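Asker: Dropping a structure here in structure tokens format, bear with me for questions.
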Ligand code: SF4
Ligand code: SF4
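Residue numbers (this note's numbering): 139 to 358.
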């Protein structure tokens, strides 16, 4: 079977029904809010419970640039957008493909005959990587070890590096993201019991313009 080719049609980013809009993981809500603030786009979210949210979109997504037919936050779009046309049922972790996607529709016979199973990763290489990240997130937040999300903005690269180094030396940092959309915006996911005062002292300095610490709610 040939590899998946995205036709860059509008179906990923134009929504007529709320149930089609992108599902977000807990930490993606604040992350996207920050990107939205920067790009001056208004976003609406709805909680779906169990640590999942929906980005409520009617028509084109606020991040979609109609003229260039591209997502303005492409490298940082939600995982559910990155993995499309792969879909996952979060309770059973069953994977399927969306027939809304014209490539899937054209290849539906081969996709439906059951032989794709092991080749899924090969056919949907990048999308599969995003899917794996979703599954990893679900497993990560399902265990009982507490997790803290640390968001901060600093225009001083050396200060940001110092903070990341200090946090990484003291705690287990599962994820570090430096935004390519918002200058100086960072997100860290820290695992284990964390001394918030220590982190606050680290982050309360003139070179850090904004920060937020949020306890990650476990998926139940
Ligand atoms: S975030 Fe980007 S990829 Fe996702 S729906 Fe919006 S414009 Fe499309
Ligand atoms: S619907 Fe399919 S072909 Fe169209 S932009 Fe999305 S992934 Fe690409």
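Even glycine gets a Cβ: it sits at the ideal position worked out from N, Cα and C.
None of the values given here were measured: they were computed from a predicted structure.
Considering only their Cβ atoms, is the gap separating residue 149 from residue 319 smaller than 8 Å?
Answerer: Not closer than 8 Å, so no.
Asker: Give the secondary structure of residue 301 by DSSP, where H, G and I count as helix, E and B as strand, and everything else as coil.
Answerer: helix
Asker: So what does residue 310 bridge to, in DSSP terms?
Answerer: Paired residues: 329.
Asker: Is residue 209 helix, strand or coil by DSSP?
Answerer: It is a strand residue.
Asker: Drop a sphere of 10 angstroms on the beta-carbon of residue 298, count the other beta-carbons inside from all chains shown, and report buried for 16 or more, exposed for fewer.
Answerer: Answer is buried; the Cβ neighbour count reaches 16.
Asker: Starting from residue 226, follow its DSSP beta bridges and name the residues at the other end.
Answerer: 233
Asker: For the region 251–302, list the alpha helix (DSSP H) runs that are entirely contained and at least 4 residues long, ordered along the chain.
Answerer: Within the region 251–302, the complete alpha helix (DSSP H) runs of at least 4 residues are 258–261 and 263–280.
Asker: List in chain order the residues whose CB is within less than 5 Å of at least one heavy atom of ligand 1.
Answerer: Result (chain order): 151, 199, 201, 202, 209, 215 and 219.
Asker: Where do the ends of the beta strand (DSSP E) carrying residue 350 lie?
Answerer: 346–353
Asker: Under a Cβ-count criterion, where at least 16 other Cβ atoms within 10 Å of its own Cβ denotes burial, should residue 165 be classed as buried or exposed?
Answerer: The residue in question, residue 165, is buried, as its Cβ has 16 or more Cβ neighbours within 10 Å.
Asker: Rounding to the nearest angstrom, what Cα-Cα distance links residue 301 and residue 341 in this structure?
Answerer: 7 Å
Asker: Within 7 Å: the Cβ of residue 160 and any heavy atom of ligand 2?
Answerer: It does not: the Cβ of residue 160 is nowhere closer than 7 Å to a heavy atom of ligand 2.
Asker: Got a sec: does ligand 2 put a non-hydrogen atom nearer than 7 Å to the Cβ of residue 212?
Answerer: no
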